[in-house]
Amino acid sequence: MNIDLKNNYILSGCALTLLVLCALSLHRPAQFQREQAAREAVVKRRLLTIKTAEERYKSQNAVYTGSLDKLVEAKLIADSTKIIPFSDNKPFSLEATTIIGKSGKQIPLMECGAGYKDYLNGLDDDAIAEITEKANAMGRFPGLKIGDINEPNDNAPNWR
83 MNIDLKNNYI
93 LSGCALTLLV
103 LCALSLHRPA
113 QFQREQAARE
123 AVVKRRLLTI
133 KTAEERYKSQ
143 NAVYTGSLDK
153 LVEAKLIADS
163 TKIIPFSDNK
173 PFSLEATTII
183 GKSGKQIPLM
193 ECGAGYKDYL
203 NGLDDDAIAE
213 ITEKANAMGR
223 FPGLKIGDIN
233 EPNDNAPNWR
């Protein structure tokens with residue numbers, strides 16, 4: 083009878099462990115999505131600030147700049163704005179170019195972005211790899227960005 087009681091305790095412990103693991107497997111993705119949404123809200127605000135600064139720069143210089151430091155020097159953004167939030171001080175990627183449109187007119191373009199792996203830094207690596215792979219498979223930028231360096235889009239964000 084003593085052995086049966088021990089087995090019951092062992093089985094109860096195993097069942098409790100499985101219950102906890104099951105609950106955690108349901109909780110983690112929801113927690114990741116909540117944290118992702120919160121972080122993306124901060125990154126989006128910063129990208130829109132950079133977009134506004136780039137448009138002001140273009141109105142003064144007729145072209146966009148590919149340098150966040152030039153935007154800081156022109157006092158269009160604060161120095162801290164060029165850093166991706168939650169990224170261990172990595173700057174946003176920023177590119178600018180000019181293309182020739184169908185009418186022969188020069189069209190300035192810019193693109194500013196932050197990758198998932200940068201602003202989701204410190205969260206579940208597997209979940210980050212999964213959403214990055216999904217974006218790449220769909221031919222989308224793996225993260226948040228404004229503008230497009232390849233074709234005119236009026237500096238539209240990729241999250242709308």
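Heads up, the sequence shown is in this note's numbering, so the first residue is 83 and it goes up one at a time.
Glycine residues also receive a C-beta, built at the ideal position from the N, C-alpha and C atoms.
Since the model is a prediction, treat every value here as computed from it, not as a measurement.
The residue among Q113, I92, K140 with its C-alpha nearest the C-alpha of D236 is K140. The bridge partners DSSP lists for C194 are L176, I228. Straight through space, the alpha carbons of G225 and A217 are spaced by roughly 8 angstroms. Counting of Cβ neighbours within 10 angstroms places K227 among the buried residues, the total reaching 16 or more.
Contact check between the stretch 153-170 and the stretch 123-131: three or more CB pairs, one atom from each, fall below 8 angstroms, which counts as touching. The beta carbon of L191 sits closer than 8 angstroms to the beta carbons of Y146, A178, T179, T180, I181, G229, D230, I231, N232, E233, P234 from its chain, once the five residues preceding and following it are set aside; these are given in chain order. Between T214 and the set G204, Y198, P111, the nearest pair of CA atoms involves Y198. It is roughly 16 angstroms from the alpha-carbon of D200 to the alpha-carbon of Q115. With respect to the C-alpha of P173, the residue from L205, C96, D151 having the closest C-alpha is D151. Closest by C-alpha distance to A112, out of I92, A209, G186, W241, is A209. I213 carries a helical assignment under DSSP once its states are collapsed to helix, strand and coil. The Cβ atoms of L202 and R110 do not sit closer than 8 angstroms to each other. Around S175, the same chain offers G195 as residues with beta carbons nearer than 6 angstroms, after the five sequence neighbours per side are excluded. Under a 10 Å Cβ-count criterion, L158 is classified as buried, with 16 or more other Cβ atoms of the shown protein chains found around its own Cβ. Under DSSP, the beta-bridge partners assigned to P239 are I228. In the three-state scheme derived from DSSP, where H, G and I count as helix and E and B as strand, I182 is classed as strand.
Membership of D151 in the alpha helix (DSSP H) is indicated by the continuous run 150-155.
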